[in-house]
Amino acid sequence: MSRRLCVLILLILVAAVAFAAKARRAGRDTDPKEKPSIFLVSVHGEPPFAAAAFRRGGVVERNATWYRAQKRTAARFHDRLLRRATDGDADSSSSSCRKLYSFHHAVSGFAVHATASLAERLRAAPEVAAVEEDAGTRLMTTYTPRLLGLPDGVWRRRRGDDAGVEDDEGEGVVVGVVDSGVDPAHPSFAYAPRARTDDTPGGDAGGRRGVRPFAAGDDACRAGPMFPHGSCNGKIVTARYFAAGAAAVLQLNASRDLSPFDAEGHGSHVASIAAGNRGVPVVVDDGAFYGFASGMAPKARQYNLESILEKQIKLAVYKAVYPAGGTMVDLIAAIDQAIEDRVDVLVLSVGPDARPGSKVTFLSMLDIALLSARRAGVFVAQAAGNQGPAESSVVSYSPWVMTVAAGTTGRSYTSRVVLGDGRRILGLGLSAPTLEHRLVAAKDAADMKRAGECQDVEALRSRADLLRGSIVLCSFSQGFYNGTSTVTTILDVAEALGFAGFVLVADARYGDFVAQPLPFRVPGLMVPRVADAQVIWSYYAEHTVYAGIATVFGATAAIAEGRVATFKDAAPVVARYSSRGPDVADNASTPADVLKPDILAPGDQIWAAWSALSANEPILAGDHFAMVSGTSMAVPHVAGVAALVKHRHPSWGPSAIASALSTTARRHDDRGAAIMAEGFETSSLRLGTAFDYGAGFVNPAGALDPGLVIAPEDDDYIGFLCSLPQLSAYDVRSATGASCQPSPWLASPADLNLPSITVAALRGSLSVQRRVTNVASKNETYLCSVLPPAGVEVTVRPGWFEVAPGATQEVVVELTTTSASGAFSFGEVVLTGSLDHLVRLPLAVRPLATAAEIRDFLSHRIVNKTLRQVHGAHVCGAITLTDLLAATNLPPSKLPFLCRLMRVLTMSGIFAVQQPEASNRAAEKEEAVYTLTAASRLLVSASG
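For the sequence shown, the positions run -20 to -1, 1 to 924 when mature numbering (1 follows the signal peptide of the UniProt record, and there is no 0) is used.
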């Protein structure tokens, strides 16, 4: 064989091997069984534009050309990582790998739509710190301004040193909303300019807001479908949308979604609560008038591009959620832009759809983005979530954001169905009244399955003559629980068949249901309690004659007016759905040394602006206002108040504002009683704790003049992360780009200088430090006092101190366990000033036994007797406290002692405990079942 032929064969073999390898790689990347997903990729180092460059007083004058060049450099670096991960055979726009965003401010990294195998290769790259799969996001006032004391307090308060400034309505502050967009035609966002003077505070030409952001160009107001040119009117001006992630995994409607227009309604609602115009008439589609709506900071202008060089407010609108859903990458891209635009306050009524998969909750990509925002001088208010009242259900974890819980307002809309015998049954429904009409159950008008839910016109048409002009009873049963039945369909059926009205009643087979007042275009109401429904059914049965089928309908009823508000209830009460603490540090639900939620604000039954399109809520379609509930509604209340505080104190950073809101919050309702919290059962109430409402109910007037602030520095947050036992210095550096330094080095996560103290595991004693700063204009003397948590002794040093304006005082709080209950208990540190300032720091402490205490306890005679008796009677079974009482021959008065005993034995591994169902938490002490472990046998043998 010739040498030339050998070379040719060798080349063919090499080419074949290369081709096969390439085919395997392509097959791996485009495996039809491997569906692409969205991934967030974090690279080592700080974001390209480090947060320090954006701090007030530290703004770097940047050349626009340099700025764009730096962004291009970062984007090219991300592109190179992607090309290397695909071995050069696919670029970033290929079907197997498409870059969605490069981030520049919020996080150091980018977002990519790719397969899981490609994500694994990215994770292996030395430049990559972490890869996180996108878990998606979810969306979490006519009366509330007066409830908070705004019209008569904060808005009308004059400042003697502000010549020409009429009031404190938030001018000069940037408020950003990341949500589903806004409806630019809504009257809550109409622009009404007024004359301004040169000395209006808040402009500080040398500060963050005195420099026009380089991003403010032709695309600062993104015109598009239903958001025409001119929508940016001086009240709303910077308006953008972020849809790369949503477009990759969801079905978007190009005719409405690809612009900042709010097709959903949620974003308009949130933005108008924070900064909507004052005194806008609330009129819904049927012409009913519900009063006047006002935002918290009504003159907070929404990023006015024309006046950006003037000393005007700027509220930026960032659309990152769509009727089809939302993605985390779009949310982070919006936050990235908000940091670039240098907003002062960021409203985040959107949150993660699941607990993050990061090593600790504080290091998710979203939480790192929010840390960058805080370090850039942005106050972030985030929804606690709507998973309450379950414990540890908060979805906002980090100490650098203010997590907001939702409370009631004391306002209620109640209607009644008036039976023919005069009995009046309470219900819910914003509808007009009716005269007395025949009462007919839908289930008696058709024999089809589930006809009683009033969902099918054709099923009921055979007896249309009977139903026309009648009030029809509909059942809230299976279809409403599995999502196939809706109230909107009832309204459609009622209109089609001419009902005089309808009553939607609870079904005894399914129990009570939770309802909120809804506007009904047909007279109607909902009766959510089974007990009330049974009264109606009993009356109906007494007046209906059956001969195989119903033949005589003698029952009558009328629907009363449901659109008039009453103000009989105490407020606030923590709403049932509002997510609760304690905060968790990881996916193992380890309690964190951080208090969550931070604060309580109105969130239940809030009237505010709405998009008439209402893509996801057809029952609200056509209305320009809606009454909605959720922690989403509570967040903009706090954000709007933060804007007012920022206007009054332009030099304050976000930590100082958060402290002012927290330390002045109220622990009592409007009647002077302690704040209550709704429980699992309908209408159930219990005494609230800091895990329900944080520091308390937001108090705008107090926050303007807090006396002291307890505000961590930016580096303190890095010190907090470095102090977490779950993290190494490498973990912190990889996630944040910052190194763990000896100073500030926190001895414990509880030493983070927050306006609260949370210790999740107090064993023995712990000293916690706080730095307080006098932000008042005069020297003031403070006396320190304590309301200690149960089982904890608390000492504050010094007992009193005098602090000058601008000066700082160190305060040491010493905590010592006196009774190791194993459960959180609550108290507070109170600093009472000589000039009437009152500063409150909530305490949440879980006292645990030390190892030595457990050994001593286990040597106790009663404990040994308990173990022997229980071991002998229940070797293979389980035991309750009642069993334990009998086994040890102790009197019933010793039940509290046995409860404490079993807690300690459970913590020491002697027993495993099976708690009762969450709905039976009230009976937990009596019903908890304790199962013996192998350790108990060893102890009995050793002591025997």
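The beta carbon of each residue, even a glycine, is placed where N, CA and C say it ideally should be.
In this text, all values refer to a predicted model and were calculated from it rather than measured experimentally.
Query	Result
Own chain partners of T477 with C-beta closer than 8 Å, once the 5 adjacent residues on each side are dropped	Thr is not the amino acid found at residue 477; the sequence shown has Leu there. Only V437, L440, R441, A444, L447, R448 meet the Cβ criterion.
CA nearest to the CA of A555, picked from W46, L811, G682, L667	L667
E416 - DSSP class collapsed to helix/strand/coil	coil
Enclosing beta strand (DSSP E) for G89 [first to last residue]	89 to 94
Alpha helix (DSSP H) segment containing E475, residue limits	467 to 477
Beta strand (DSSP E) segment containing D83, residue limits	Before going further, note that residue 83 is Phe rather than Asp in the sequence given. It spans 77 to 83 - the beta strand (DSSP E) in which F83 sits, taken as one unbroken run.
Pairwise C-alpha distance: A363 and V330	7 Å
Contact check, Q317 vs Y302, beta carbons under 8 Å	no
Coarse secondary structure for E438, derived from DSSP in three states	helix
Range covered by the beta strand (DSSP E) that runs through P261	260 to 263
For S635, the residue or residues it bridges with in DSSP	S635 is not bridged to any residue.
Inter-residue spacing [alpha-carbon to alpha-carbon] between G687 and Q789	13 Å
Rounded C-alpha distance that separates S805 from F19	40 Å
Nonlocal neighbours in the same chain, by C-beta distance under 6 Å from S465, ignoring five residues either side	E433, Q435, G459
Inside the segment 302 to 353 only - alpha helix (DSSP H) runs reaching at least 4 residues	308 to 321
Span of the beta strand (DSSP E), counted from its first residue to its last, around P822	818 to 828
Which of helix, strand or coil DSSP assigns to R56	helix
Beta-ladder partner(s) of K299, from DSSP	D159, Y221
Buried or exposed by the 16-neighbour rule on C-beta atoms within 10 Å, applied to V154	buried
Closest residue to L98 among G620, M120, S17 (Cα-Cα distance)	S17
Endpoints, the alpha helix (DSSP H) within which F482 is located	Per DSSP, F482 belongs to no alpha helix (DSSP H); it is in the beta strand (DSSP E), 481 to 486.
Euclidean distance between Cα positions of A227 and A200	21 Å
Distance between L295 and G267 (C-alpha atoms, nearest Å)	31 Å
Three-state secondary structure (DSSP) of M607	strand
Residue from V452, V625, M382, V483 with nearest C-alpha to A581	M382
Start and end residues, alpha helix (DSSP H) containing N462	458 to 462
Contact between the segment 383 to 395 and the segment 419 to 426 (3+ Cβ pairs under 8 Å)	no
Under the three-state DSSP convention, the category H648 falls into	strand
Cα-Cα separation, V774 to F547	40 Å
Endpoints, the beta strand (DSSP E) within which E782 is located	780 to 783
Touch test, the segment 694 to 714 against the segment 727 to 734, Cβ-Cβ under 8 Å, three pairs minimum	yes
Range covered by the beta strand (DSSP E) that runs through E113	108 to 113
E541, DSSP secondary structure in three states	coil
Residue 938 to F207 span [Cα, whole Å]	Absent from the model: residue 938. The displayed extent of the chain is -20 to 924, so no value can be given.
At least three beta-carbon pairs within less than 8 Å, the segment 342 to 355 to the segment 600 to 613	no
DSSP beta-bridge partners of P499	L410
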